[in-house]
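Down below is the structure, laid out as structure tokens.
Chains as they are written, first to last, in our numbering: chain E, 48 to 362; chain X, 48 to 362; chain L, 48 to 362.
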């Protein structure tokens with residue numbers, strides 16, 4: 048593996064899931080794999096799970112970790128090629144990326160969508176600049192449109208908890224007081240489409256995801272119907288792609304409740320966290336036995352571990 | 048040792064002090080004790096001594112350290128059970144704690160009193176949530192009402208510098224321009240009451256500490272009298288417990304000066320730092336030979352070391 | 048080496064450059080030199096290169112690294128001796144330095160000039176306080192008036208890229224929208240004056256550097272003439288020393304362009320970064336084959352490595 052930007056960097060979906068699960072048991076055999084290697088974690092945005100789990104995975108593989116919070120530790124970066132830099136930005140991303148690449152063996156980057164300029168967000172300029180200029184492997188810690196370490200962790204979790212060969216997995220939109228990016232649902236769709244699952248997406252009108260992700264995916268505006276026979280319910284809010292970055296709906300009827308979970312085939316409940324309790328989903332669901340949000344979060348180490356292992360083996 | 052929340056987690060006060068002092072000499076024998084183990088340091092508030100000394104202690108024991116500044120690195124946490132989370136907080140503490148516990152073998156948490164709602168502060172909701180939900184040992188890096196790593200360091204320092212078997216130790220309130228929590232004095236009282244010392248607390252009227260800490264403790268409003276025959280003067284400001292979080296007094300007559308120190312039995316001067324020079328205590332005192340503030344600060348590594356060692360041995 | 052505050056701490060300029068270049072190849076032999084030793088990196092200001100490269104160098108030497116952002120992680124420090132500390136500052140630098148020194152084997156500090164009070168900035172109170180009070184070796188990560196790790200990296204880079212025994216090196220002022228400190232040019236002058244190079248400084252009127260640095264240095268206001276026969280062009284903005292901290296000139300005629308580079312003897316282009324593209328220097332120059340800004344940045348690890356090695360050998 049060179050970069051880990053999206054599912055396209057994985058050629059063997061079943062293979063990487065199996066390897067990740069196996070690696071949970073054998074990780075101590077790989078505690079010297081990353082010896083003498085440094086990973087730089089670059090955060091343009093806040094992070095808890097990603098910050099901790101990626102550090103933990105790197106440490107497990109014997110790497111040194113350097114964390115950099117752009118904005119608070121550093122300064123604003125210029126993105127535009129050819130810009131006359133007499134404004135706020137003190138450094139061009141092409142120079143920052145080249146320098147970071149000069150100091151680190153692997154760079155991992157978090158940079159959220161601004162949700163103002165769709166074309167810009169979907170061009171993935173930050174991650175693409177790092178891949179173009181840094182000269183080292185780049186890992187996506189959630190970019191404007193994708194969150195592949197989360198999706199891989201989700202798929203690993205589904206593999207571990209499924210009771211049938213081909214489970215029914217439902218991604219449901221749920222309400223939220225703030226406008227959120229589409230990175231998690233986009234990415235989840237990418238991975239589920241390619242996994243051995245029956246996949247359904249349900250959301251209110253106006254919340255259609257970008258067409259480039261949705262080809263061939265079953266979509267319905269009828270949440271109750273979608274939940275029928277589901278083995279996994281994956282809840283997530285996102286803001287509108289059409290009316291870009293807008294909140295069009297806050298209807299609590301979309302909140303995932305135990306009544307709704309009762310419609311399913313004893314489905315497990317999943318969410319990438321952080322989650323707004325009693326807005327996105329009720330306490331009752333989150334704290335139920337069928338809620339697997341903590342094993343899912345724990346698998347963020349699992350997914351980071353297998354990705355870093357593959358990159359290290361390829362260095 | 049499971050958690051280290053307060054003195055209640057220590058069953059052998061003399062034993063832990065002796066072990067801590069011995070460990071200063073033998074720490075290099077324990078540099079592999081924490082191998083493969085990760086401690087997460089979670090800061091809801093600023094920190095210098097605690098941040099550096101706890102990291103140093105963990106490194107000395109061979110642990111990996113992950114530091115997380117909640118607020119700047121992460122986001123606001125919801126504390127209330129059953130809350131409908133449509134406000135500022137992006138994650139409930141019960142979820143954050145469970146996730147952090149999933150990534151770390153030990154979690155250490157700093158979370159100061161807000162000084163607005165006494166009942167809430169004294170319920171210790173943040174530390175108690177971490178102990179309840181994280182599933183791993185939790186170390187108190189100063190909570191709303193206690194600072195046990197400081198108090199243990201203080202007791203170690205007194206043991207090292209005392210000239211008589213049972214020294215007289217005086218905790219004196221001193222003025223300060225800002226309202227400060229009661230965590231350090233509360234905690235100091237807890238540890239001194241159980242140590243082999245004659246203990247006196249002196250403060251102006253209105254600065255009585257919480258009754259739950261003060262049973263059987265000698266208190267006087269006469270600072271000069273309290274200083275007589277003292278072997279150790281421990282200065283610290285705190286805001287009022289009765290008029291919760293209020294500053295009732297800024298009288299410079301309470302500032303610890305060399306004139307006041309002259310009333311003592313050649314007492315050593317102690318303070319947990321940071322200290323407002325020439326407000327809490329004069330330069331002359333802080334810079335005198337009898338000031339042991341730096342060995343005291345250095346013992347923050349000593350106290351963290353013995354606590355982490357005991358927790359690691361019990362994992 | 049005790050401290051590394053300025054060039055005065057280096058007794059053998061040729062020797063340290065040769066050692067640094069050799070160390071690039073042999074660094075893996077020194078991966079245990081810093082075992083059990085901790086370096087504290089104290090940042091009063093933002094940092095990217097210095098933050099990452101110094102950590103990398105310390106890790107390469109087997110040290111543990113603790114990073115502390117004063118201001119965001121900690122609190123404001125009082126600088127004035129004898130101050131009555133009833134204002135913003137929660138701790139005196141003399142106490143903070145002594146405590147940090149108690150926890151770390153080496154302390155490295157970044158503290159920029161405020162550019163308001165020249166006498167205060169040029170007194171180097173922060174770095175000098177750390178050297179006076181911490182009790183451990185102190186490394187300058189850019190102080191109010193000097194940036195010696197940068198200058199050493201620059202000299203190493205010149206040594207690696209020079210084609211003649213004694214190259215002509217030109218330091219040219221260039222425009223910038225913000226008032227910047229004089230630390231980089233001051234320091235570059237110090238190191239170049241003592242190196243085996245022909246050295247010329249060029250800047251507009253009013254940008255004369257402090258006399259204490261400029262004795263015996265060739266200065267001209269004619270940039271084009273300075274560039275003639277140059278082997279290395281080193282561009283950097285700084286604010287006025289005479290009209291302290293002021294921007295007197297933003298004339299784009301001083302921007303380094305390929306037309307200007309054509310006046311030289313096929314000179315290499317250098318800059319310490321971050322750089323404002325198309326303000327300080329054009330894209331065309333920065334992205335040309337003769338631009339060696341990335342190897343120069345990479346040598347920040349090289350210079351930090353040799354400095355830390357020498358300090359560790361002397362501990």
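By construction, the Cβ of each residue, glycine as well, lies at the ideal position given by its N, Cα and C atoms.
Inter-residue distance for residue 173 of chain L and residue 59 of chain X is about 44 Å (C-alpha atoms, whole angstroms).
A straight-line Cα-Cα distance of about 30 Å links residue 181 of chain X and residue 118 of chain L. A distance below 6 Å between beta-carbons, with the five flanking residues on each side excluded, links residue 92 of chain L to the following residues of its chain, in chain order: 157, 159.
Restricting attention to alpha helix (DSSP H) runs no shorter than 4 residues, the region 124 to 170 of chain L encloses them at 140 to 150, 165 to 169, ordered along the chain.
Using a CB distance cut-off of 9 Å, residue 98 of chain X does not count as an interface residue toward chain E. The three-state secondary structure of residue 279 of chain E, taken from DSSP, is strand. The beta carbons of residue 124 of chain L and residue 155 of chain L sit no closer together than 9 Å.
By the neighbour-count criterion, in which a residue is buried when 16 or more other Cβ atoms sit within 10 angstroms of its Cβ, residue 360 of chain X is exposed.
In the structure shown, residue 113 of chain X falls within a strand segment according to DSSP collapsed to helix, strand and coil. Residue 144 of chain L and residue 321 of chain X have their C-alpha atoms roughly 12 Å apart. At a beta-carbon threshold of 7 Å, the residues of chain E lying near residue 111 of chain X are 106, ordered along the chain. Residue 87 of chain X is a Cβ neighbour of residue 151 of chain X, given a cutoff of 9 Å. When DSSP states are grouped into helix, strand and coil, residue 122 of chain X belongs to the coil group. A Cβ-Cβ separation of about 4 Å places residue 327 of chain L in contact with residue 221 of chain L under the 8 Å criterion.
For residue 62 of chain L, no beta strand (DSSP E) segment is defined; the enclosing uninterrupted segment is the alpha helix (DSSP H) at 60 to 73. DSSP places residue 345 of chain X in the uninterrupted alpha helix (DSSP H) bounded by 340 to 360. Counting along the chain, no alpha helix (DSSP H) covers residue 48 of chain L, and no H or E run does either.
Contact annotation: in the region 339 to 362 of chain E, residues whose CB is within less than 9 Å of a CB in chain X are 340, 341, 342, 344, 345, 347, 348. Chain-ordered listing is empty here: chain X has no CB closer than 8 Å to the CB of residue 217 of chain E, the nearest sitting near 22 Å. The region 290 to 310 of chain X makes no contact with the region 232 to 244 of chain X, as fewer than three CB pairs between them are under 8 Å. DSSP places residue 215 of chain E in the uninterrupted beta strand (DSSP E) bounded by 215 to 220. Residue 134 of chain X sits exposed, since fewer than 16 C-beta atoms from the chains shown fall within 10 Å of its C-beta. Spatial neighbours of residue 271 of chain X in its own chain (CB-CB distance under 8 Å, excluding positions within 5 residues in sequence) are listed in chain order as 307, 310.
Only residues of its own chain outside the window of five on either side were considered, and among them 249 have a CB closer than 8 Å to the CB of residue 269 of chain L, listed in chain order. For residue 187 of chain X, the enclosing beta strand (DSSP E) begins and ends at 185 to 187. Closest in alpha carbon position to residue 285 of chain X, among X/171, X/257, X/334, X/141, is X/257. Under the three-state reduction of DSSP output, residue 256 of chain X falls in the coil class, being neither helix nor strand. Of all residues in the region 316 to 335 of chain E, the ones placed with a Cβ closer than 8 Å to any Cβ belonging to chain X are 320, 321, 322, 323, 324, 325, 326, 330, 333, in chain order. Within the DSSP bridge table, the entry for residue 89 of chain L names L/115, L/156 as partners. Not a single C-beta of chain L is nearer than 9 Å to the C-beta of residue 246 of chain X. For residue 313 of chain E, the closest C-alpha among the options E/67, E/217, E/84, E/103 is that of E/217. With a 10 Å radius around the Cβ and a threshold of 16 neighbouring Cβ atoms, residue 107 of chain L comes out buried. Any Cβ of chain E closer than 9 Å to the Cβ of residue 145 of chain X would place that residue at the interface, and such an atom is present.
When C-alpha distances from residue 267 of chain E are compared across E/252, E/51, E/137, the shortest belongs to E/252.
Setting aside the 5 residues that flank it on each side, residue 246 of chain X is surrounded in the same chain by 216, 239, each with a C-beta closer than 6 Å to its C-beta; the list follows chain order. Using a Cβ-Cβ cut-off of 9 Å, residue 133 of chain X counts as an interface residue toward chain E, since at least one Cβ of chain E sits closer than that to its own.
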